[in-house]
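Chains as they are written, first to last, in this note's numbering: chain A, 13 to 152; chain B, 58 to 189.
No residue lacks a Cβ here, since even glycine has one placed at the ideal position from N, Cα and C.
Here's the structure, in structure tokens; my notes come after.
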């Protein structure tokens with residue numbers, strides 16, 4: 013820790029906190045879980061679900077994906093570093109911890125879940141559990 | 058620096074330009090960090106989802122333009138059921154001063170983060186002046 017707090021840091025932290033306060037829809041309906049970062053898109057492909065999130069510049073080892081029941085948890089830390097002897101002109105990229113859980117309305121097969129991280133995009137493939145799939149009933 | 062705080066969600070910034078694009082689709086402005094070291098200026102930009110082959114970096118009339126296209130074919134056959142962000146191409150341009158050695162600009166793309174190194178021209182590098 014530096015002797016004096018970084019003025020850049022204080023300003024940015026305050027601005028971010030105010031921004032998130034203004035834009036947080038904590039009274040509105042939202043998916044379950046702790047934080048709301050990263051923003052996620054959920055797609056359906058046939059019977060299976062695909063969750064996609066933009067997480068640029070993450071170390072794969074700093075990413076923790078867990079599945080339990082029909083809840084998926086994505087947690088990690090995003091780090092932004094600057095070389096020691098540099099002057100920063102512009103700082104827009106955010107860094108910090110995130111932890112988010114998302115509950116799906118269907119049962120998923122935890123053993124068949126696949127996660128892929130490529131080009132800064134995290135994709136989670138969540139196959140619907142076989143026992144949860146609807147069964148067609150032959151009309152006699 | 059700020060790595061120990063919780064990350065907050067931020068709305069993606071859509072591009073607003075005077076000239077219009079000829080291709081359809083939304084464009085976003087990627088978030089960028091710019092820092093200067095003794096011998097170079099470095100621009101770090103977040104363009105998640107852009108593959109190397111779909112990234113175009115051009116230098117024209119002292120303007121460095123970065124254009125990253127998203128491959129929407131990957132989303133074929135997928136039905137959106139819930140959405141929190143939109144997907145679009147990325148573009149951003151920077152005007153360079155003549156202090157940059159424009160021949161020596163290099164770029165690297167890792168995990169959706171583009172790093173552009175713009176070396177300073179020899180005459181623009183700082184020199185120590187010795188006192189006689």
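Against chain A, the beta carbon of residue 142 of chain B has neighbours under 9 Å at 50, 51, 52, 53, 65, 66, listed in chain order. Of all residues in the region 74-97 of chain B, those with a C-beta nearer than 7 Å to a C-beta of chain A are 88, 89, 90, 91, 92, 93, 94, 95, reading in chain order.
Apart from sequence neighbours up to five positions away, the residues of its chain that approach residue 75 of chain A with a beta-carbon distance below 6 Å are 88, ordered along the chain. Pairing residue 142 of chain B with residue 174 of chain B, the inter-Cα distance amounts to about 30 Å. Taking one beta carbon from each stretch, the region 62-82 of chain B and the region 128-145 of chain A have fewer than 3 pairs nearer than 8 Å; the two do not touch. Residue 161 of chain B and residue 146 of chain B have their C-alpha atoms roughly 26 Å apart. Residue 137 of chain B and residue 139 of chain A have their alpha carbons spaced roughly 16 Å apart. Between residue 94 of chain A and residue 129 of chain B, the gap from beta carbon to beta carbon reaches 9 Å or more. Counting C-beta pairs with one atom in each stretch, the region 68-87 of chain A and the region 61-75 of chain B have fewer than three that are closer than 8 Å, which means they do not touch. For residue 62 of chain A, the uninterrupted beta strand (DSSP E) segment begins and ends at 60-66.
Short of 7 Å from the beta carbon of residue 104 of chain B, and not among the five residues preceding or following it, lie these beta carbons of its own chain, in chain order: 87, 125, 147, 169, 171. Taking residue 182 of chain B as the centre and dropping the five residues before and after it, the same chain places the C-beta of 95, 96 closer than 8 Å to its C-beta, in chain order. No Cβ of chain A is located within less than 9 Å of the beta carbon of residue 130 of chain B.
Residue pairing from DSSP leaves residue 162 of chain B without any beta-bridge partner.
A direct Cα-to-Cα measurement between residue 176 of chain B and residue 89 of chain B gives close to 18 Å.
The closest CA to that of residue 102 of chain A, considering only B:154, B:98, B:62, B:64, is found on B:98. The beta-carbon of residue 133 of chain A is placed less than 9 Å from the nearest beta-carbon of chain B. At a Cβ-Cβ threshold of 9 Å, residue 81 of chain A and residue 119 of chain A count as neighbours.
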